[in-house]
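Counting in the working numbering, the sequence shown runs from 7 upward without gaps.
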Amino acid sequence: MMFELICYTDESERLHPWGPLRLTAGERRRDFFPYEILVSTYGPRFVEAEAAVAYHLVQGDIEDLLLRLCAPDGSGRVPTGACTDEEDWFAPVEMCATYNANAAELARDLALSWVHLHDKESVPRIAGMSLETLHARVDAAPRGARVPMKGGSELAGSLSRETVLKALATPPAALLDALEAAAVPDDAWRAAEPKAHEIMELLRQLDEAAEGEGPPAFRAKVMSPGHVRFLEEHAPFRVRRLPR
Numbered sequence: 007m008m009f010e011l012i013c014y015t016d017e018s019e020r021l022h023p024w025g026p027l028r029l030t031a032g033e034r035r036r037d038f039f040p041y042e043i044l045v046s047t048y049g050p051r052f053v054e055a056e057a058a059v060a061y062h063l064v065q066g067d068i069e070d071l072l073l074r075l076c077a078p079d080g081s082g083r084v085p086t087g088a089c090t091d092e093e094d095w096f097a098p099v100e101m102c103a104t105y106n107a108n109a110a111e112l113a114r115d116l117a118l119s120w121v122h123l124h125d126k127e128s129v130p131r132i133a134g135m136s137l138e139t140l141h142a143r144v145d146a147a148p149r150g151a152r153v154p155m156k157g158g159s160e161l162a163g164s165l166s167r168e169t170v171l172k173a174l175a176t177p178p179a180a181l182l183d184a185l186e187a188a189a190v191p192d193d194a195w196r197a198a199e200p201k202a203h204e205i206m207e208l209l210r211q212l213d214e215a216a217e218g219e220g221p222p223a224f225r226a227k228v229m230s231p232g233h234v235r236f237l238e239e240h241a242p243f244r245v246r247r248l249p250r
C-alpha cells in the first residue's frame, strides 16, 4: 500500500484545515477494510462471525499502522495520532482509532471533541490548544448541554458537558482503568467469536500454505447490510496499553 505524507504550513491551514501533518493511503485506502474474506466451503454462512473476522483484521492493521507512525521513543515527536476513513480531521471521539503517548491526554481528547462539536471549531485549528484553555471552553458551556457523536445517526450516542468535566477531573490512571472495564463485548459478539476464530485459523493455514495448497475455501463478501449492521450494533471497542 502506498502512502502520501504532507506537511501543511500555517498559511495553508488558514485556507483549508487539513492539519499540520496528514498521511493518506491514496486510492487504495479501502484496502484497510476487506470487502471479501476466505471462508470454508463446507457448512452454512455465518454473517456475524464473518463480520467479527473483518473487525479483527481491520483492528490489527490500524493498530500496526498507528504504532509504526506514533510509537513512543526518546524524541517524543508524536504525542498523539488518529486514524479515520474520512478526508478531514474530526474530533477524536469520531475517529476509527486514536493513539496517545500519555494517558493524561485521554481526557484532553474528550475536551477537544467537545469544543469541536459544540463550538463548531476546526479540529486542526484547536489541536494545539492547551488543556487549561480547552477545560475553560467546556466549563463555559451551559449546564446540561450535550452534543451528538458520529454524525448523529440513530446508533450514535451523545456527549454531555458534565461527562467531559468529570473526565477532566479524573486521574489518568483511573480513567484508563474505567475505559478498559467498559470495553466488554456484548452477548451477541461473544456468541459470534468461536466461529470467527475458526475462520481466522483457516486464514492462518491458507497464509502459511504453499500456492495451490491448503484447505478448501471460497471468497465471501463481508459488506452486506447484515455484516455492516452487526458491526455497527455490536463491535466492541478496544483499549491497548503500550509497554511504556
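Glycine included, C-beta positions come from ideal geometry on N, C-alpha and C.
L209 beta carbon near the ligand SAH (any heavy atom closer than 8 Å): In terms of ligand content, the structure shown is empty, and the ligand SAH therefore cannot be addressed.
Nearest residue (CA-CA) to M206, options L11, A57 and I12: Position 200 of the sequence shown holds residue 206. The residue with the shortest Cα to Cα distance from M206 is A57.
Beta-carbon proximity list for G158, same chain, < 6 Å, skipping 5 on both sides: The residue labelled residue 158 in the question sits at position 152 within the sequence shown. With a pLDDT of only 46 at G158, under 50, the local geometry of the prediction cannot be trusted, and no value is derived from it.
Own chain partners of F236 with C-beta closer than 6 Å, once the 5 adjacent residues on each side are dropped: For the purposes of this step, residue 236 is taken as the residue at position 230 of the sequence shown. E54 and A57, listed in sequence order.
As assigned by DSSP and simplified to three states, the class of P178: The residue you call residue 178 lines up with position 172 of the sequence shown. Helix, per DSSP.
Straight-line gap, G163 to E217 (C-alpha atoms, nearest Å): One-based indexing of the sequence shown puts residue 163 at position 157. One-based indexing of the sequence shown puts residue 217 at position 211. Distance between the alpha carbons of G163 and E217: 46 Å.
When M229, P242, A215 and E168 are compared against D192, the one with the closest alpha-carbon: Here residue 192 corresponds to residue number 186 of the sequence shown, with the count starting at 1. Per the Cα distances, P242.
Closest residue to A151 among E127, R131 and V121 (Cα-Cα distance): For the purposes of this step, residue 151 is taken as residue 145 along the sequence shown, with counting starting at 1. Looking only at E127, R131 and V121, the smallest Cα-Cα distance to A151 is reached by V121.
Strand pairing of Y105, partner residues [DSSP]: Numbered from its first residue, the sequence shown carries residue 105 at position 99. Bridge partners of Y105: G87.
Same chain, Cβ closer than 6 Å to L137, five either side skipped, listed in chain order: For this step, residue 137 is matched to residue 131 along the sequence shown. Scanning its chain for C-beta atoms nearer than 6 Å, with the 5 sequence neighbours on each side dropped, one finds around L137 the residues R114, in chain order.
Helix, strand or coil at E42 [DSSP, three-state]: By one-based count along the sequence shown, residue 42 stands at place 36. Strand at E42.
Neighbourhood of A226 by C-beta, 7 Å cutoff - its chain only, sequence neighbours within 5 removed: Here residue 226 refers to the residue found at position 220 when the sequence shown is read from its first residue. For A226, where only same-chain residues beyond five positions count, the Cβ hits under 7 Å are E42, I43, V45, R51 and E56.
Integer-rounded CB distance, given that L165 should sit under 8 Å from L123: As a working note, residue 123 is residue 117 in the sequence shown. As a working note, residue 165 is residue 159 in the sequence shown. Contact holds; Cβ gap of about 7 Å.
Residues near V153 in its chain [Cβ-Cβ closer than 6 Å; skip 5 each side]: Residue 153 sits at position 147 when you count from the first residue of the sequence shown. Within the same chain, and ignoring the five residues on either side of V153 in sequence, the residues whose Cβ sits closer than 6 Å to its Cβ are L123, H124 and L165.
Buried or exposed by the 16-neighbour rule on C-beta atoms within 10 Å, applied to A189: Your numbering for residue 189 matches position 183 in the sequence shown. So A189 ends up on the exposed side.
Spatial distance of A179 from E111 (CA atoms): As a position in the sequence shown, residue 179 is number 173, starting the count at 1. As a position in the sequence shown, residue 111 is number 105, starting the count at 1. Going by the C-alpha atoms only, they are around 11 Å apart.
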